[in-house]
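Numbered according to numbering that gives the first Met the number 0, the sequence shown spans residues 0 to 168.
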Amino acid sequence: MYTNMIQKHLSEGDMEGVVKQIAHMGQKKDTTQFAYLIELLKSTDNKILRNEIAIALSDIGDDRAVEPLIEVITDPKTSGSRGTLLYALENLNYIVHIENIIPFIGDSSLEVSAQSFMLLEQMMDRLSDSQNLGCQQRIEIQISHNQSKLLEVALDMLKKWRESTVGTR
Numbered sequence: 000m001y002t003n004m005i006q007k008h009l010s011e012g013d014m015e016g017v018v019k020q021i022a023h024m025g026q027k028k029d030t031t032q033f034a035y036l037i038e039l040l041k042s043t044d045n046k047i048l049r050n051e052i053a054i055a056l057s058d059i060g061d062d063r064a065v066e067p068l069i070e071v072i073t074d075p076k077t078s079g080s081r082g083t084l085l086y087a088l089e090n091l092n093y094i095v096h097i098e099n100i101i102p103f104i105g106d107s108s109l110e111v112s113a114q115s116f117m118l119l120e121q122m123m124d125r126l127s128d129s130q131n132l133g134c135q136q137r138i139e140i141q142i143s144h145n146q147s148k149l150l151e152v153a154l155d156m157l158k159k160w161r162e163s164t165v166g167t168r
């Protein structure tokens, strides 16, 4: 039902209708068109549509959305419009992809850097020792050519967390 409506709105160039249908799917936590949403997320070049799909996937709360979201976030075509995509990860289990998120802490966009930092902070106490070290290494590489204060704060936070948990795991 939703797929047909979305395709109809898309063919008519009715973005408002498309956005309403996708938002409704998210609100209802409707997974019947999950694969279609993922396909659309990965194929669209429309930032508004991509963001709406990301929010709907986050609202649905199905962790199968993590991998495609990470794929889209790390795609160069989304440069300049990643904030909402990163935000969409908040309600999902993205811990295995934390090292892919880390480089965005140094992004020139305040929204993207802050959202990435918050995602790290949210998973801090769930990171394995090797993930923590991997994150530290990625941040150190970033710092070598980016003097972002947030990168330094993130590195400090990871080091302190690791020091406080050594021997307690």
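Note that the Cβ used here is the ideal one computed from N, Cα and C, for glycine as well.
Computed from a predicted model, the values in this text were never measured in an experiment.
- Residue burial annotation: ARG63 is exposed, with fewer than 16 other C-beta atoms found within 10 angstroms of its C-beta.
- Exclusion of the five residues before and after ILE72 leaves ARG81, LEU84 and LEU85 as the residues of its chain whose Cβ lies within less than 7 Å of its Cβ.
- In the three-state reduction of the DSSP assignment, GLN32 falls in the coil class, being assigned neither a helical nor a strand state.
- Counting the other CB atoms within 10 Å of its CB gives HIS144 a total below 16, which places it among the exposed residues.
- Less than 8 Å separates the beta-carbon of SER57 from that of ALA87.
- Within the same chain, VAL65 come within 6 Å of TYR93 by CB-CB distance, once the 5 residues on both sides are set aside.
- Here ILE101 is not near LEU126, since their CB atoms are 8 Å or more apart.
- In this structure, the alpha-carbon of VAL17 lies about 21 Å from that of ASP61.
- Sorting ILE97, GLY105 and SER112 by C-alpha distance to the C-alpha of ASP124 places ILE97 at the top.
- Distance from GLN141 to LEU150 at the Cβ level is roughly 5 Å; contact confirmed, criterion being Cβ atoms closer than 8 Å.
- For ASN99, same chain residues with a beta-carbon under 7 Å away, outside a window of 5 residues either side, are ILE69 and THR73 in chain order.
- Within the region 75 to 153, the complete alpha helix (DSSP H) segments at least 4 residues long are 82 to 86, 97 to 100, 109 to 122 and 128 to 142, listed from N- to C-terminus.
- By the CB criterion at 8 Å, GLU89 and GLN130 fall outside the cutoff.
- Under the three-state reduction of DSSP output, ASN45 falls in the coil class, being neither helix nor strand.
- Here DSSP, grouped into helix, strand and coil, assigns LYS27 to coil.
- GLU66 carries a helical assignment under DSSP once its states are collapsed to helix, strand and coil.
- Taking a 10 Å sphere around the C-beta of VAL111, we find 16 or more other C-beta atoms and assign the residue as buried.
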